[in-house]
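Asker: The structure under discussion is supplied below as structure tokens; questions concerning it will follow.
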Amino acid sequence: MENKPKTSPKDFFLHLLAIIALYITAGSFVTLIFQYINIIFPDILEKSSYYLRSVHSSIRWAISSLIVVFPVYILTSWFLEKNYKKDPAKRNLRIRRWLIYFTLFAAAVIIIGDLATLVYNFLGGDLTARFVWKALTIFFTAGVVFGYYFYDIYKHKT
């Protein structure tokens, strides 16, 4: 009979920290790209000074989050990978599997919703460069997250 590893509080919170850091990083990346798209392809109806301040404020916030949270994700992932090399059975921790499968589910739902929105706007004749670039940003970000974790599952047969 195979001994299943027990989830310690340390394992639980490290996995939770890694996945939350990933979500914040992905959200900050999308926000940053969206705001640059708003600058490159401005909406003529939204040219007020308040709107521009809002765009610049969002850019500052996204960059700040990326500077702080992305290294947390990298370090936490590195530390977890080090633990997996020491004890390969930890790859099968229940918390890890739940968080990875939830992330795959969320990324798939986001990609499906993004594609449905793209088709909806295409059929409505509302396919602007600004919208297409934002849809591609969402698709790329969710696709990278999905691909990374799907490959991890495939590689390690979690």
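Count along the sequence shown from 1, add 10, and you get the number used in the working numbering. All C-beta atoms, glycine included, are put in the ideal place defined by N, C-alpha and C.
Among residues of its own chain, excluding the 5 on either side of GLY153, which ones have a beta-carbon nearer than 7 angstroms to its beta-carbon?
Answerer: Closer than 7 angstroms at the Cβ level, and outside the excluded window around GLY153, lie ILE121.
Asker: GLY123 to GLU56, Cα distance in whole Å?
Answerer: Those two C-alpha atoms are separated by around 26 angstroms.
Asker: Is the Cβ-Cβ distance between PHE22 and ILE105 less than 8 angstroms?
Answerer: Yes, the Cβ-Cβ distance between PHE22 and ILE105 is below 8 angstroms.
Asker: Determine the closest residue to SER87 out of ILE148, PRO15, ILE29 and PHE149, with distance taken between C-alpha atoms.
Answerer: Of ILE148, PRO15, ILE29 and PHE149, the residue nearest in Cα terms is ILE29.
Asker: Excluding five sequence neighbours on each side, which residues of the same chain lie with their C-beta closer than 7 angstroms to the C-beta of TYR94?
Answerer: Same-chain partners within the cutoff: LYS100 and ARG101.
Asker: How about the segment 76 to 92 and the segment 48 to 62: do they share at least three Cβ pairs that are nearer than 8 angstroms?
Answerer: No, the segment 76 to 92 is not in contact with the segment 48 to 62.
Asker: If I follow the unbroken alpha helix (DSSP H) through ALA117, where does it start and stop?
Answerer: Counting along the chain, the alpha helix (DSSP H) containing ALA117 begins and ends at 104 to 133.
Asker: Hey, quick one: how far does the alpha helix (DSSP H) through ASP162 stretch, first residue to last?
Answerer: Segment 139 to 166, the alpha helix (DSSP H) holding ASP162.
Asker: Whose C-alpha, out of LYS92, ILE34 and ILE110, is nearest the C-alpha of SER75?
Answerer: When each option's Cα is compared against that of SER75, the closest is ILE34.
Asker: What number of angstroms, rounded off, separates the C-alpha of TYR46 from the C-alpha of THR151?
Answerer: Each residue's Cα considered, the two are about 16 angstroms apart.
Asker: How would you call VAL129, buried or exposed, if buried means at least 16 neighbouring beta carbons within 10 angstroms?
Answerer: By the 10 Å Cβ count, VAL129 comes out exposed.
Asker: Alpha carbon to alpha carbon, how far is ALA72 from PHE39? Give it in angstroms, no decimals.
Answerer: C-alpha separation (whole angstroms): 7 angstroms.
Asker: Would LYS165 pass as a contact of PHE44 if the rule is Cβ separation under 8 angstroms?
Answerer: No, they are not a contact pair.
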